[in-house]
Structure formats: C-alpha cells, structure tokens
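What follows is one structure encoded as structure tokens, with my remarks underneath.
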Amino acid sequence: MDEKQLKEMLFADQGRMRFKCRLQEHDRLIDIVQLLFPTTGILQNLFCNNFMSESVEMIKHSVFLYEEGFFDCAFYSLRQSIEILNNMLLCADDKERLKRWDSKGWFPFDAKVKEILEKQNAAYSEIKTKIPEFFENTDAYLKQANKYIHKQGFDTFYTCHWEMIDSNRDKCTALFLKLIRQSIGMVLIMNIALDPLSLVLSDPDVEMHIPFEPMTEPIPVDVFEEILSINILEKIKETEYYKELKKYFLNQEKLNEATYKVVREQFFDVQRLDEIEKQSHLLNIIEKLILHILLAGINASYFYPKDYDVFGYVTSYKAKKHLDSWSSSQYDKYLSNPSRQNIAWNDMYISIFPLFDSYLIIQHNEIFSEDDLSVINVNVDNVNQEYNRLFGAHNVRK
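Quick note on our numbering: the sequence shown kicks off at 65 and runs consecutively.
If you want it as structure tokens, here you go:
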C-alpha cells in the first residue's frame, strides 16, 4: 500500500468515526451570534473589544465544529469563549496582568481568575450575587462538557461516539445547546460588567438623557430575553453598579427630539433649528458651528469635519443627487485646490474651510453667494480663534 492509499484509508476512517449532523437550531443560533457586537467605548479598555469579538467568534465556530462531528472541540471552543471573558475582566482591572497575558507569561487558571474577580471586581461580584443561578448553571454545564473534552467515558471517544445510541447522542446535543446559550449569555453579562453603559443605552427611560454619541454598543435586549430571560436582566438592573450610572444620566438635562437627532444621529432638521438652539449648550463645538451656519439661512446638505468625524453631519436639505457610494477620502484631491469654494462636484458643489488642524467640507446644491461665504468664514474664524486660544495658533491650517 503506497502513501496515497494509506492517507485515503485513514481519512475515510476518520470520516466514519465522526457523527455529522445539522442542528435544528442552526439558523437561529447563527443569526443570534451575528447580532452580537459587544463594544465598549471606555478608552483604557478598548482592548477588551478584541476579547469580546474573539469570544463571539469561538461561539460561532463551535456550531460548525459540532455539526462536523468534532463534538469535543465544540465543547472546548465554548469553554474557552467563557474563559476569554473572565481573563478580559481581570486584565481590565490590572494592566500589569494584561502585559503578562499578552507576553504569554504566567497567568492564573480560570478557577483562580474567577476567585480574584469575585474578591476584587465589584461589578462582577454584585452581578453574580444577583443572578447566582446563571453562574451555577454555567459551571454545571462546563463540568459535564469537561467529560467530553478530557475523554472520560467510552461515549466521548471518536471511535465509539458514532455508534452511540440515539438517546446518548441526544443527551450530548442537549448539553451543547444549553452550554452555547450560557456562552452567549455570558458575552452579554460580562459586557455589562465591563461597561454598564451598554445596558443603560438599551433603557428607553435613560436614552434621551445621554448628550453624546457613545462608542459603546447597547445590549441587544431581545437577544438577552430569548437566550436567558428578561427576569435576569431586571435583576442586573437592581445592582448598585447599574443604578448609580442610571441615576447619573437621569439627573442630566433631557434632550428634545431635534437635539437628540443632532447628538446621537448627526442629523440637523432645519425646520426645528429653534429647538436645537435652545439646547445648544449640549452640543459640541463642531455641532454649534454647523448650527450657527444653518441659522444664518445657509442651504447646505452635508458637513464633513475631516479627521474629526467619520461620517459627518446631514441636514434636511436634500442633496440634489443621490450617491450610491461614499468614501472618507472622496474629497482629498480637492484639498490642494487653490480655490476651495464652490468646487463643482457630482453635479453639486463643495466648499472647503480650514478648521482646527484639518478642514470643514460643506456639500451644497447651489453656488454659495459672497454673503454666504462671508457668513461661513466669520463663524469658522470664531471657532478657530477659540481653538487657538486653547491649543495654539500653529495648529490651525491655512
């Protein structure tokens, strides 16, 4: 028998030793995982987004591993998806530990990690106290999964698993489905423990009191309710950790609808500028500049503060032409144009003004008059002067 024939025989045997299947819940599980986009906006903890993304990816991989018959690998992937989150929370509390973890130095085992978290991380400890049944169930399912991972019992062998009676195989699948739901729930819960704003943002009572566009993504409440229960979410909302943050925001001024659209959706309704003006103290310096320009009657459909906002601000003045694509670099070739006002662009116009150490690019349907340009320049100059006062004149582009 030559080498090729030997390999074919071995791979054929491996195929027979794996019980492949398609989970009835496959489509819904994949849909749910695709909805998970846990993101914190806490600057010193942005690295945690990599941990949470990896955890989600391992959950997704576990579905395909299980269906391909690699049941032990699937259980291991779920176990590791949970351990990654525990490590994340520990590293978020201690940057020296993060350095050791990243350099592949000594790092405590998961049991020790959880012990440290319970003693030192107030959010984790309080949440665990409020929903002990969730953590108890997770530990119980992991203990059962470890029997498959560590190959205890003949039914955990590839050489025997494909011969298992249906009841035993159904038991294995039932455990996998329980553990994958716990793993998804752990992503959501640990996201809240890391950054309670993720839960605050999903609370309709608080949302209108948040006067900025956070980088943190809100918890998908419908997924939480489906995977765990709304009861668990309500218990988490009873923690002092959450209630203190909620109270802080409820004490802030409530945004009116028009101002909310500006702050949270980067949209100016020109029919409601008076409402926005009443809460102009809640706007950032660029939003105030755009408001002053619009209040002067300047007809502009789009404001793009290059290098300061990824998507820019849209107004209710509809652009003359609908563009099918958009790029952050689409204006770059015009920045060196000697004349930066009323540049013909896609059957419309753009005008460019020096703002801070970059530019403000305005898209408009009709040519700006000399009066329009004068008004815009005055407002931009005022903002740049304030910037100069704070940071120095050398930082403003000419």
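Glycine included, every Cβ here is placed at the ideal spot set by N, Cα and C.
Margin query: If contacts are defined as beta-carbon pairs under 8 Å, then M272 and Y324 qualify, I think. What distance do you get, rounded to the angstrom?
Written below: 6 Å between Cβ atoms; contact.
Checklist line | Strand pairing of L399, partner residues [DSSP] | finding: According to DSSP, which records beta bridges pairwise, L399 is partnered with nothing at all.
Checklist line | Closest residue to K207 among D157, C155, L142 (Cα-Cα distance) | finding: Among D157, C155, L142, the Cα nearest to that of K207 belongs to L142.
Item checked: Residue burial classification, E277 (beta-carbon count within 10 angstroms, cutoff 16) -> E277 counts as exposed, since fewer than 16 other C-beta atoms from the protein chains shown sit within 10 angstroms of its C-beta.
Checklist line | Which of helix, strand or coil DSSP assigns to M412 | finding: Strand.
Item checked: Identified DSSP bridge partners for Y212 -> None, per the DSSP bridge assignment.
Check: By Cβ distance below 8 Å, which residues in the same chain neighbour N443 in space, the five residues on each side in sequence not counted?
Finding: Spatial neighbours of N443 in its own chain (CB-CB distance under 8 Å, excluding positions within 5 residues in sequence) are listed in chain order as L353, H356, I357, A360.
Checklist line | Stretch pair the segment 280-297 + the segment 241-255: three plus CB contacts closer than 8 Å | finding: Contact between the segment 280-297 and the segment 241-255 is present, because at least three Cβ pairs lie under 8 Å.
Note to self: Contact between the segment 161-175 and the segment 231-247 is defined here as three or more beta-carbon pairs at a separation below 8 Å; is this criterion met?
What the structure shows: Proximity of the segment 161-175 to the segment 231-247 falls short of the contact definition, fewer than three beta-carbon pairs being nearer than 8 Å.
Item checked: Contact set for R453: own chain, Cβ-Cβ below 6 Å, skip 5 residues either direction -> Its chain contains no residue whose beta carbon lies nearer than 6 Å to that of R453 once the 5 sequence neighbours on both sides are disregarded.
Margin query: In the DSSP output, which residue or residues are listed as bridge partners for V264?
Written below: Partner(s): none; V264 has no beta bridge.
Notebook entry, point to check: Are N232 and D219 close, meaning C-beta to C-beta below 8 Å?
Noted result: The Cβ-Cβ distance between N232 and D219 falls below 8 Å.
Checklist line | Y324 - containing alpha helix (DSSP H), residue span | finding: Its alpha helix (DSSP H) spans residues 321-329.
Item checked: L74 burial status per 10 Å Cβ neighbour count (16 or more: buried) -> Summary for L74: the model assigns pLDDT 46, below 50, so the residue's position carries little reliability, and this model does not support an answer.
Item checked: Inter-residue Cα distance where the pair is S117 and L437 -> Answer to the nearest angstrom: the Cα atoms are 47 Å apart.
Margin query: Tell me the DSSP secondary structure of F135 in three-state form.
Written below: The answer is helix: DSSP assigns F135 an H, G or I state.
Checklist line | Same chain, Cβ closer than 6 Å to H458, five either side skipped, listed in chain order | finding: Unreliable placement is indicated for H458, whose pLDDT of 48 sits below 50; no coordinate value is reported for it.
Next item on the list: Check whether the Cβ atoms of L154 and L110 sit closer than 8 Å, and answer yes or no.
Entry: Inclusion of L154 and L110 in the CB contact set at 8 Å is not warranted, their separation being larger than that value.
Next item on the list: Specify the secondary structure class of P369 as computed by DSSP and reduced to three states.
Entry: Three-state DSSP puts P369 in a strand.
Checklist line | Short Cβ contact (8 Å threshold) for I296 with F198 | finding: Judged by their CB atoms, I296 and F198 are nearer to each other than the 8 Å cut-off.
Note to self: Quick check: L263 and I294, are their CB atoms within less than 8 Å of each other?
What the structure shows: The answer is no: Cβ separation not under 8 Å.
Next item on the list: Return helix, strand or coil for S422, following the three-state DSSP convention.
Entry: Strand at S422.
Notebook entry, point to check: Helix, strand or coil for T223 per DSSP?
Noted result: Here T223 sits in helix by DSSP.
Next item on the list: Starting from the C-beta of E434, find all residues in its chain whose C-beta is less than 7 Å away, skip the five residues before and the five after it, and write them out in chain order.
Entry: The answer is none, since no qualifying residue turns up.
Checklist line | Beta-bridge pairing of F332 - partner residues as DSSP gives them | finding: Assignment of beta-bridge partners to F332 by DSSP yields T379.
Next item on the list: Pick helix, strand or coil for I349, following the three-state DSSP scheme.
Entry: In the displayed model, I349 falls within a helix according to three-state DSSP.
Next item on the list: Would you kindly work out how many angstroms separate the C-alpha atoms of I414 and A408, rounded to a whole number?
Entry: Those two C-alpha atoms are separated by around 7 Å.
Next item on the list: For D411, collect the residues of the same chain with a Cβ closer than 7 Å to its Cβ; drop the 5 residues on either side in sequence, then sort them by chain order.
Entry: Counting only Cβ-Cβ distances below 7 Å, and skipping sequence neighbours, we find K384, K385.
Note to self: Pull the bridge partners of H428 from the DSSP assignment, please.
What the structure shows: Answer is Y413, bridged to H428.
Note to self: Please report the straight-line C-alpha distance between N348 and Q330, rounded to a whole angstrom.
What the structure shows: The straight-line gap from Cα to Cα measures roughly 11 Å.
Notebook entry, point to check: Just to confirm, are N363 and E298 a CB contact at a threshold of 8 Å?
Noted result: With a cutoff of 8 Å on beta-carbon distance, N363 and E298 are scored as not near each other.
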